[in-house]
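Peer 1: Chains as they are written, first to last, in the numbering used here: chain V, 45 to 598; chain C, 2 to 187. The C-beta atom is built at its ideal place from N, Cα and C for all residues, glycine as well. Here the structure is a predicted model, which means the values were calculated and not measured.
1. Take the Cβ of residue 182(C) as the centre, count every other Cβ of all protein chains shown within 10 Å, and call the residue buried at 16 or more, exposed below.
2. Measuring only the C-alpha atoms, how far is residue 180(C) from residue 277(V)?
3. Classify residue 100(V): buried if its beta carbon has 16 or more other beta carbons within 10 angstroms, exposed otherwise.
4. Along chain C, which residues have their Cβ under 7 Å away from the Cβ of residue 469(V)?
5. Per DSSP, what are the beta-bridge partners of residue 314(V) in this structure?
6. Where do the ends of the beta strand (DSSP E) carrying residue 452(V) lie?
7. Taking Cβ to Cβ, would you say residue 246(V) is nearer than 8 Å to residue 201(V)?
8. With 16 other CB atoms within 10 Å as the buried threshold, where does residue 125(V) fall?
9. Residue 41(C) touches chain V at which residues, Cβ-Cβ below 9 Å?
10. Could you pull the start and end residues of the beta strand (DSSP E) that residue 478(V) belongs to?
11. Just tell me which of 67(V), 140(V) and 227(V) has its CA closest to the CA of residue 372(V).
12. Residues of chain C with CB closer than 9 Å to the CB of residue 98(V), please, in chain order.
13. Hey, which unbroken runs of the alpha helix (DSSP H) at 4 residues or more fall wholly within the region 243 to 298 of chain V?
14. Distance check for residue 122(V) and residue 525(V), CA to CA, integer angstroms please.
15. By DSSP's criteria, residue 361(V) is part of a beta bridge. Which residues make up the other side?
16. Could you tell me whether the region 255 to 268 of chain V touches the region 372 to 387 of chain V, using the rule of 3 or more Cβ pairs below 8 Å?
17. Report all residues from its chain with a CB closer than 7 Å to the CB of residue 64(C); omit the five preceding and five following residues, and keep chain order.
18. Classify residue 142(C) as helix, strand or coil using the three-state DSSP reduction.
19. Going straight from the alpha carbon of residue 563(V) to that of residue 107(C), what length do you get?
20. Is there at least one Cβ from chain C nearer than 8 Å to residue 292(V)'s Cβ?
21. Given a limit of 7 Å on CB to CB distance, which residues of the region 300 to 318 of chain V reach chain C?
22. Looking at the secondary structure, which residues open and close the beta strand (DSSP E) in which residue 414(V) lies?
23. Let me see if you follow: with CB-CB separation under 8 Å, is residue 430(V) close to chain C or not?
24. Taking the CB atoms as reference points, tell me whether residue 442(V) and residue 464(V) lie closer together than 8 Å.
25. Could you tell me which chain V residues have their CB closer than 7 Å to the CB of residue 86(C), listed as they occur along the chain?
26. Flag residue 76(C) as yes if its beta-carbon sits less than 8 Å from any beta-carbon of chain V, otherwise no.
27. Against chain V, does residue 185(C) count as a neighbour if the rule is that its beta carbon must be under 8 Å from one of theirs?
28. Let me see if you follow: with CB-CB separation under 8 Å, is residue 25(C) close to chain V or not?
29. Using 8 Å as the limit for Cβ to Cβ distance, is residue 144(C) near chain V?
30. Would you report the Cα separation of residue 213(V) and residue 192(V), rounded to the nearest angstrom?
31. What residues from chain V crowd round residue 178(C), counting only those whose CB sits closer than 7 Å?
32. Please state whether DSSP places residue 380(V) in a helix, a strand or coil.
33. Assign residue 308(V) to one of three DSSP states: helix, strand, or coil.
34. Taking 8 Å as the CB-CB limit, is residue 377(V) close to chain C?
35. Are the beta-carbon atoms of residue 581(V) and residue 180(V) separated by less than 8 Å?
36. Go through its chain and collect everything with a Cβ distance to residue 308(V)'s Cβ below 7 Å, but skip five positions before and after it.
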């Protein structure tokens, strides 16, 4: 059988792009498949950076420009088997399907995990109903890879500004960018109440870096591609991989299965933009499709490890908004410039709140200081009629709104799964990913406990009115004053569906991210995470991809 | 000449838009181009490339070459999805994979027919009552009106940037962006 490439990488997001850089640097030839379109890089001349993304709310927020299209490539959702086959068909955690993946749409907050995030079972102990386990790697082993990932992507931040941070071997590659006015207001209030806000570690250039310009604060950051390449989306590792001459990137090419026989992958089957099927062979396969599409592909490929697709984690997002008596112009700047971590600590108050609910502990997450920026999203919240323009001018839900978003740690549960929907297919005829997901009591209690503390900060900041909400929505006795959003978590942070570990009976992948069932297949995304933490997954999955890809190339 | 609507349908939609966002010191939604935005969307496939995704990176309003008017080509799957959404599944098997889909064209045609030309002759309070009674359709139109007022004008709405100007909102500021002082100052 012909092998034109040493390795095939499926997915061009942060994990796959990092693997591409590592494998090509090691001298291997790689073929990168990406199911989405390419707006990020000039495939014929990767030294140049084409500018294709734009400040366009209709295109990105209403019309799915970064994909996937929720009709052509839907996902399905239910809260438990009691709901039947599914409750919803459409958009479930639609991370972009585009060259660059989730790195393109993110506003680039790239925190590291803390030391104890790698050993939750040992440090905090088990929680009934949750499948908590330690990672097969420690923070100390990860630290050099974190430092390297920050250099490769280009992360701005201020070492020492966060007293709760894990130890680090050096400074950030860039200083923080300018602080948004609203973040200065909420940060001052948080500091006054004893919290520790700090400049968000952000994969956005604060100065020219790596041949790309500094951010010019256009305000179209989260959910938009960057028109000027100031974002540390995976353009940097992809470009370096392509410039070796040993990488080929194939957009609009959907891998439908990995070919596996006798515990070894031999290649992939893929579908081009016109629906034609093709085969491609290689000695090594890297799967980096994200924690929804990766288990889907593994299941479509006939893999049978029972941990594949289990333990899917989101972040339980708790929002506390304050309507301010002054303008905050949240449309100017890079979405979020300040965060605080204090709710990650399991302190006496958190233990007391946990004990009341019969839990050993609760853990919150990183809190983003934010404010909404876009007019169409705002306008839809107001009623039609003569009030419309009055509200738009007063702007209580945008230009006078400050917010906190806590990315609450979501405990893994074996019954929270991604599997193949028994009937719904995508436009190529393949079964789509179905999510079955419910919150653990832990997330509800943590949200309620920390949400109340965030409301105190917002009051201190001078809010005239405070609104709270969660995603997914909370119901029943544990419901707070949170308004109903949806039972489908809107967090794009997903993880856990092919966890790695030291024991083949309780993990899908070995400590180097390789499938126990087919060790020449390596997973390079947050599917590997045994636990989620209260931090966004991207920097950690890039650091893991660096570590694991080096071993995989050997 | 509307791209999809008949002149009669267009007149009714104009009247609807004018009630959903009526005039005050600033013009009403019809005058700001909301009905033209909706008509352009419904008739997106009468243009080549279809008016689904404007081009990029810059509008030219804050420097750089203007490229928003160069709409993106669609892939076969993207065209299928958008035609299904706008035109409906129409009994075409490949559009009914997830079941029959009522297209936006049919929804608008039916919704405007139910309001009828008599809507044009009603006084504003009676028009508002009719719109309140047509809840789902009114909600759909209102969502599109919001896009047509506050989205980029290349999609057919936000005429002369009226939707941004009355709010002193600059819109798509690339490649100028904002200064650090504008980011951090009150």
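Peer 2: Put simply:
1. Position 181 of the second chain, counting from 1, holds the residue named residue 182(C). Residue 182(C) is exposed by the Cβ-count criterion.
2. Position 179 of the second chain, counted from the first residue, corresponds to residue 180(C). Position 233 of the first chain, counted from the first residue, corresponds to residue 277(V). Straight-line Cα distance between these residues: approximately 23 Å.
3. The residue given as residue 100(V) occupies position 56 in the first chain. By the 10 Å Cβ count, residue 100(V) comes out buried.
4. For the purposes of this step, residue 469(V) is taken as the residue at position 425 of the first chain. Neighbours of residue 469(V) on chain C, chain order: 98.
5. Here residue 314(V) corresponds to residue number 270 of the first chain, with the count starting at 1. Answer is 299(V) and 322(V).
6. Along the first chain, one-based indexing puts residue 452(V) at 408. Taken as a continuous stretch (DSSP letters only), the beta strand (DSSP E) holding residue 452(V) covers 445 to 452.
7. Residue numbering aside, residue 246(V) sits at position 202 when the first chain is read from its first letter. Residue numbering aside, residue 201(V) sits at position 157 when the first chain is read from its first letter. For the pair residue 246(V) and residue 201(V), the CB atoms are nearer than the 8 Å cut-off.
8. For the purposes of this step, residue 125(V) is identified with residue 81 of the first chain, where counting begins at 1. Classification for residue 125(V): exposed.
9. Looking up residue 41(C) in the second chain gives position 40. Chain V residues near residue 41(C): none, gap ~11 Å exceeds 9 Å.
10. Stepping through the first chain from its first residue, residue 478(V) is reached at position 434. Unbroken beta strand (DSSP E) run through residue 478(V): 475 to 480.
11. Against the first chain, residue 372(V) aligns to sequence position 328. The option with the nearest alpha carbon to residue 372(V) is 227(V).
12. Counting from 1 along the first chain, the entry for residue 98(V) is found at position 54. The contacting residues are 55, 56, 57, 58, 59, 60, 68, 69, 153, 173 and 175.
13. 279 to 287
14. Indexing the first chain from 1 puts residue 525(V) at position 481. Indexing the first chain from 1 puts residue 122(V) at position 78. Here residue 525(V) scores only 39 on pLDDT, less than 50, and its place in the model is too uncertain to base an answer on.
15. Against the first chain, residue 361(V) aligns to sequence position 317. According to DSSP, residue 361(V) bridges with 451(V) and 515(V).
16. yes
17. Mapped onto the second chain, residue 64(C) falls at position 63. Only 176 and 177 meet the Cβ criterion.
18. Working through the second chain from its first residue, we reach residue 142(C) at position 141. Helix at residue 142(C).
19. Stepping through the first chain from its first residue, residue 563(V) is reached at position 519. Stepping through the second chain from its first residue, residue 107(C) is reached at position 106. Rounded to the nearest angstrom, the two C-alpha atoms are 53 Å apart.
20. If you number the first chain from 1, residue 292(V) lands on position 248. It does not: the Cβ of residue 292(V) has no partner Cβ on chain C nearer than 8 Å.
21. Listed by position, the residues of the region 300 to 318 of chain V near chain C (Cβ gap below 7 Å) are 317 and 318.
22. Walking along the first chain from the start, residue 414(V) turns up at place 370. It spans 409 to 414 - the beta strand (DSSP E) in which residue 414(V) sits, taken as one unbroken run.
23. Here residue 430(V) corresponds to residue number 386 of the first chain, with the count starting at 1. With 8 Å as the cut-off, residue 430(V) counts as an interface residue toward chain C.
24. Stepping through the first chain from its first residue, residue 442(V) is reached at position 398. Stepping through the first chain from its first residue, residue 464(V) is reached at position 420. At a Cβ-Cβ threshold of 8 Å, residue 442(V) and residue 464(V) do not count as neighbours.
25. On the second chain, residue 86(C) is found 85 positions in, with the first residue counted as 1. Neighbours of residue 86(C) on chain V, chain order: 115.
26. Counting from 1 along the second chain, the entry for residue 76(C) is found at position 75. True, the Cβ-Cβ gap to chain V drops below 8 Å.
27. Against the second chain, residue 185(C) aligns to sequence position 184. So yes, residue 185(C) belongs to the interface.
28. Along the second chain, one-based indexing puts residue 25(C) at 24. Chain V, which has a Cβ nearer than 8 Å to the Cβ of residue 25(C), makes this yes.
29. Walking along the second chain from the start, residue 144(C) turns up at place 143. For residue 144(C), the answer is yes, since a Cβ of chain V falls inside 8 Å of its Cβ.
30. Residue numbering aside, residue 213(V) sits at position 169 when the first chain is read from its first letter. Residue numbering aside, residue 192(V) sits at position 148 when the first chain is read from its first letter. Cα to Cα, the separation comes out at about 11 Å.
31. Position 177 of the second chain holds residue 178(C). Within chain V, the residues near residue 178(C) are 260, 261 and 262.
32. Translated into positions along the first chain, residue 380(V) becomes position 336. Reduced to three states, the DSSP call for residue 380(V) is strand.
33. Counted from its first residue, the first chain places residue 308(V) at position 264. Strand at residue 308(V).
34. Walking along the first chain from the start, residue 377(V) turns up at place 333. Cβ-Cβ to chain C under 8 Å: yes for residue 377(V).
35. The residue labelled residue 581(V) in the question sits at position 537 within the first chain. The residue labelled residue 180(V) in the question sits at position 136 within the first chain. No, these two residues do not count as a Cβ contact at 8 Å.
36. For this step, residue 308(V) is matched to residue 264 along the first chain. Same-chain partners within the cutoff: 562 and 564.
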